[in-house]
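J.: Residue numbering for the sequence shown follows the working numbering, beginning at -4 and increasing consecutively.
All C-beta atoms, glycine included, are put in the ideal place defined by N, C-alpha and C.
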Amino acid sequence: MRFDILTIFPGMFRGPLEESILKRAQEKKLVEIAVHDLRKWARDKHNTTDDRPFGGGPGMLMKPEPIFEAVEDLKRDAPTARVVLLTPQGRKFSQQVAQELAQQKHLALVCGHYEGVDERVRTALVDDEISIGDYVLTNGALAAIVVVDAVARLVPGVLGHADSAKDESFTGGGLEYPQYTRPAEFRGMKVPEVLVSGDHAAIARWRAEQSRQRTRERRPDLLNERKAK
Ligand code: ADE
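1) With burial defined as no fewer than 16 other Cβ atoms inside 10 Å of the residue's Cβ, what is the status of Thr118: buried or exposed?
2) From Arg202 to Phe165, what distance separates their C-alpha atoms?
3) In three-state terms, what does DSSP make of Ile198?
4) Near Ser206, what residues of its chain come up, given a Cβ to Cβ distance below 7 Å and the 5 sequence neighbours on each side ignored?
5) Tell whether a beta-carbon distance below 9 Å holds between Leu102 and Phe181.
6) My output table needs one value for Ile125: the three-state DSSP class, helix, strand or coil.
7) I'd like the list of long-range same chain contacts for Lys87, defined as Cβ closer than 6 Å, with 5 residues on each side in sequence excluded.
8) Is any heavy atom in the ligand ADE found nearer than 8 Å to the beta carbon of Val131?
9) If you follow the beta strand (DSSP E) that Pro61 is part of, which residue opens it and which one closes it?
10) Among Asp194, Tyr175, Arg9 and Ala196, whose alpha-carbon lies nearest the alpha-carbon of Val186?
11) Rounded to whole angstroms, what's the CA-CA distance from Gln84 to Ile198? Just pull it up for me.
12) Relative to the C-alpha of Pro74, which residue among Leu80, Val66 and Leu81 is closest?
13) Let me check understanding here. Comparing Cα to Cα, which of Leu33, Thr82, Gly10 and Glu22 lies closest to Gly128?
14) For Val141, which residues of its own chain have a beta-carbon under 6 Å away from its beta-carbon, when the five flanking residues on both sides are left out?
15) Run through the stretch 78 to 142 for me and flag every whole beta strand (DSSP E) of 3 or more residues, listed as ranges in chain order.
16) Contact defined as beta carbons within less than 8 Å: I believe Gly107 pairs with Met57. What is the distance between those atoms, to the nearest angstrom?
17) Looking only at its chain, what residues have a beta carbon closer than 8 Å to the beta carbon of Ala179, apart from the 5 residues adjacent to it on each side?
18) Please go through the same chain and pick out, in chain order, the residues whose beta-carbon is closer than 6 Å to the beta-carbon of Asp32, but skip the five residues on each side of it.
19) Whose CA, out of Gly111, Asp72 and Glu95, lies closest to the CA of Pro53?
20) Where does the unbroken alpha helix (DSSP H) through Ile16 begin, and where does it stop?
21) Excluding sequence positions up to five away, which residues of its chain have a Cβ less than 7 Å from the Cβ of Tyr109?
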């Protein structure tokens, strides 16, 4: 799977994409991630990508021309790329949206900055708008990193264990059951007996019940969502 990221802060991507699972996924060529500096598509000698809003008001907006031209250049090589704008006005990101995006061969992520982007980017260029939550970040770069991370780990082969992404919080609609590793007793706290019993059917029942109980206590909204589907 390929990700193209358009941003005026390419430096923000350096750390997160160069560590751990995302680093290995790129080395193994399971995912390809290219970060592009939008200023490359600016038209003047100051590399301007922002301007004042018509009608007045605070802050600056991202100009349409560099974004349109950058996306058009990317689409020449990858006409099927799905173009996603990161914005607090987008539909809310979730495990389900991550699974949906992971079906794509090619994602182009456009990071908003300043007070926002020219409305014509929304209406005439992008296919989708995504928010990673109801709060406002200084720009879309961190949101794009969250999306790349959550989507890339669903690409087959990226996680070491094939079942790792199947049996985790949200995938089945609820939260994951509690997990323990060695030692079996730590500072007087014992691992639940059933987990060391070797009885796999009993372990599966215990986990399912714990998962239900945990979801009911902490995230009842997820149970309602499941019912609503
Ligand atoms: N840009 C600023 N805030 C954001 C958010 N919550 N989600 C996506 N992009 C953003």
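T.: On the basis of the coordinates in this document:
1) The residue you call residue 118 lines up with position 123 of the sequence shown. Result: exposed.
2) Within the sequence shown, residue 202 is the residue found at index 207, counting from 1. Within the sequence shown, residue 165 is the residue found at index 170, counting from 1. Distance between the alpha carbons of Arg202 and Phe165: 15 Å.
3) Taking the first residue of the sequence shown as position 1, residue 198 is located at position 203. DSSP, read as helix, strand or coil, puts Ile198 in helix.
4) Locating residue 206 in the sequence shown gives position 211, where the first residue counts as 1. Closer than 7 Å at Cβ, skipping near neighbours: Gly169, Leu170, Glu171 and Tyr172.
5) Here residue 102 refers to the residue found at position 107 when the sequence shown is read from its first residue. Here residue 181 refers to the residue found at position 186 when the sequence shown is read from its first residue. In this structure, Phe181 does not lie closer than 9 Å to Leu102 by Cβ.
6) Mapped onto the sequence shown, residue 125 falls at position 130. Ile125 falls in the strand class under three-state DSSP.
7) Mapped onto the sequence shown, residue 87 falls at position 92. Taken in chain order, the residues that qualify are Ser126.
8) One-based indexing of the sequence shown puts residue 131 at position 136. Annotation for Val131 indicates a beta carbon within 8 Å of some heavy atom of the ligand ADE.
9) Counting from one through the sequence shown, the residue named residue 61 turns up at place 66. Note, Pro61: premise wrong, no beta strand (DSSP E); alpha helix (DSSP H) at Pro59 to Asp72.
10) Locating residue 186 in the sequence shown gives position 191, counting from the first residue. Considering only alpha carbons, the answer is Tyr175.
11) Within the sequence shown, residue 84 is the residue found at index 89, counting from 1. Within the sequence shown, residue 198 is the residue found at index 203, counting from 1. Here the alpha carbon of Gln84 sits roughly 43 Å from the alpha carbon of Ile198.
12) Locating residue 74 in the sequence shown gives position 79, where the first residue counts as 1. The shortest C-alpha separation from Pro74 is found at Val66.
13) By one-based count along the sequence shown, residue 128 stands at place 133. The residue with the shortest Cα to Cα distance from Gly128 is Thr82.
14) Walking along the sequence shown from the start, residue 141 turns up at place 146. Ile127, listed in sequence order.
15) Look at the stretch 78 to 142 and you find these whole runs of beta strand (DSSP E), each 3 residues long or longer: 101 to 106 and 123 to 126.
16) Stepping through the sequence shown from its first residue, residue 107 is reached at position 112. Stepping through the sequence shown from its first residue, residue 57 is reached at position 62. Taking 8 Å as the upper bound for CB-CB distance, Gly107 and Met57 are in contact here, some 7 Å apart.
17) Counting from one through the sequence shown, the residue named residue 179 turns up at place 184. The residues are Lys185, Val186 and Val191.
18) Working through the sequence shown from its first residue, we reach residue 32 at position 37. Only Pro5 meet the Cβ criterion.
19) Counted from its first residue, the sequence shown places residue 53 at position 58. The shortest C-alpha separation from Pro53 is found at Gly111.
20) Here residue 16 refers to the residue found at position 21 of the sequence shown. DSSP places Ile16 in the uninterrupted alpha helix (DSSP H) bounded by Ser15 to Glu22.
21) Translated into the one-based positions of the sequence shown, residue 109 becomes position 114. Result list for Tyr109: Asp45, Gly54, Met55, Leu56 and Met57, in chain order.
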